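Just below is one structure, and these are the notes that go with it.
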Amino acid sequence: MKKKLFLQKLSCVVLFSTVVMQAQNFQTMPVLSGYTDDVIANGIGSSYDSVSNDIDGVGYAFVATDFKAVSSDPPLAFGIPVNGIINSVVASTPGLSYQLGDLNSNNSLRLETAGQNGTLVFITPLAALKLYMLATSGSGAATVMATVTFTDNTSQVFSNISIPDWYGGSNYAVQGLGRVVVGIDDIEADSFNPRIYQFALNMDTANQSKSVKSVTLTKSGGDGIVNLFAFSADKNTQLSTAEVSGFKKGDIYPNPFKDVFHINDIKNVKSITVSDVAGREVKAIDNPSTVLQLGELNAGLYLVTMNFKDGSKSTVKAIKK
């Protein structure tokens, strides 16, 4: 039986490449460590034995589709999937899904008081154009700050993220999950509630080539209890990895560079286009020389495309310091 942390309350109630840029490439980011509470009732037996805390401070938890207080109960037609995979219904991110933590263990980073924080560490760090966060708030809305830390120990901060109450909020990734009164095992079914919400964290250009190691969430305000469940990434895969030795036309150096970019052999290069990782052109150069002056660009990751006189092209991923 898991230790009940809430019973008192309850008792009261790179590199080079020649591939073409791609569209969104979503990947789940399974968590290595950082979950603090189990807030999803699952399996056969009382919810009292299945969770270690509630969502909202007044005794309600999510239910999984396999939850039965007793074995003779009928199966649920709603709830958290047993495999822990949440498929987002947000229209702008078709195909985006999340992998929850183990339903038999802690699966929520739960933050109740202002200033409280916790860190989810990922099994496999990924370079991302965007991170997508899956979270909800119980007994009211809450505001949080997210600090994304990269494997080089630099970070990017996202402030004033507003997380709605798990009933009735907008921009939800999933709805109609149902809930249970812990210990009493009364199940409430609702086609529209409770809800878990999706939040997009846009990486700065300078950070899009860095691998995300962890995210620290800090509750900054509001009455609600924050429950953070998962992250997924719009993975930075615009360019495949290939060795420098495989780049045959116009060796480029240094990389990373500061203000000046050199091309070893320019005689067959007709023009050069410099774009950001979203594909937006930031500079075009006709009849280029062996030295590119790129000091006006902001620090970050860029795609340098060389258009050769024979009609072929080669694209280089270059980092400006």
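Mapping of the sequence shown onto the numbering used here: residues 908 to 1228, in sequence order.
Heads up, the beta-carbon is just placed ideally off N, CA and C, and yes, glycines get one too.
A quick note: this is a predicted structure, and the numbers were derived from the prediction, not measured.
Query                                                                                                                                                                                            : Result
Please work out which residues of its chain come closer than 6 Å, Cβ to Cβ, to methionine 1234, disregarding the five sequence neighbours upstream and downstream, and give them in chain order. : With the chain represented from 908 up to 1228, any question about residue 1234 goes unanswered, as that position is not in the structure.
Below 8 Å between beta carbons: does that hold for leucine 907 and leucine 1027?                                                                                                                 : Here the chain has residues from 908 to 1228 only, and residue 907 is not among them.
Select from Tyr955, Gln934, Gly950, Asp963 the residue whose C-alpha is nearest the C-alpha of aspartate 1130.                                                                                   : Asp963
Could you tell me whether the Cβ atoms of valine 1081 and isoleucine 947 are closer together than 8 Å?                                                                                           : no
The beta strand (DSSP E) that contains methionine 1110, what's its start and end?                                                                                                                : Premise fails: methionine 1110 is in no beta strand (DSSP E) and is neither H nor E.
Does the distance from the C-beta atom of valine 970 to that of arginine 1086 stay below 8 Å?                                                                                                    : yes
Excluding five sequence neighbours on each side, which residues of the same chain lie with their C-beta closer than 6 Å to the C-beta of alanine 1113?                                           : Ala1206, Gly1207
Are the region 931-947 and the region 1007-1027 in contact at 8 Å, needing three or more beta carbon pairs?                                                                                      : yes
Since isoleucine 1070 and alanine 1048 are thought to touch, with beta carbons under 8 Å apart, how far apart are those beta carbons, to the nearest angstrom?                                   : 6 Å
DSSP state of serine 1098, grouped into three classes?                                                                                                                                           : coil
I'd like to know whether the C-beta atoms of lysine 1142 and leucine 1033 end up nearer to each other than 8 Å.                                                                                  : yes
Should the region 1158-1178 be called in touch with the region 1208-1220, which here means at least 3 C-beta pairs below 8 Å?                                                                    : yes
Please work out which residues of its chain come closer than 8 Å, Cβ to Cβ, to glycine 1128, disregarding the five sequence neighbours upstream and downstream, and give them in chain order.    : Ala1021, Ala1049, Thr1050
Using 8 Å as the threshold, is the C-beta distance between serine 1262 and isoleucine 1132 below it?                                                                                             : Here the chain has residues from 908 to 1228 only, and residue 1262 is not among them.
Which of the three DSSP states is assigned to tyrosine 955 in this structure?                                                                                                                    : helix
Spatial neighbours of aspartate 1092 within its chain, please: CB distance less than 7 Å, with the 5 preceding and 5 following residues excluded, ordered by chain position.                     : Ser953, Ser954, Ala976
If we call anything under 8 Å between Cβ atoms a contact, is leucine 1199 one with phenylalanine 1168?                                                                                           : yes
Whole angstroms is fine: what's the gap from serine 1098's alpha carbon to tyrosine 1160's?                                                                                                      : 58 Å
By the three-class DSSP mapping on this structure, what secondary structure does asparagine 1134 have?                                                                                           : strand
Serine 1182 to lysine 1190, Cα distance in whole Å?                                                                                                                                              : 7 Å
From the DSSP output, in three-state form, read off asparagine 1024 for me.                                                                                                                      : strand
Where do the N-terminal and C-terminal ends of the beta strand (DSSP E) with alanine 998 fall, by residue?                                                                                       : Unbroken run through alanine 998: none, as it is neither H nor E.
With burial defined as no fewer than 16 other Cβ atoms inside 10 Å of the residue's Cβ, what is the status of asparagine 1171: buried or exposed?                                                : exposed
With a Cβ-Cβ cutoff of 8 Å, do glycine 1083 and phenylalanine 974 count as a contact?                                                                                                            : no
Under three-state DSSP, which class holds asparagine 1114?                                                                                                                                       : helix
State buried or exposed for serine 1116, treating a residue as buried only when at least 16 other CB atoms are found within 10 Å of its CB.                                                      : buried
Near serine 1196, what residues of its chain come up, given a Cβ to Cβ distance below 7 Å and the 5 sequence neighbours on each side ignored?                                                    : Ile1173
Are the CB atoms of threonine 1058 and serine 1118 within a distance shorter than 8 Å?                                                                                                           : yes
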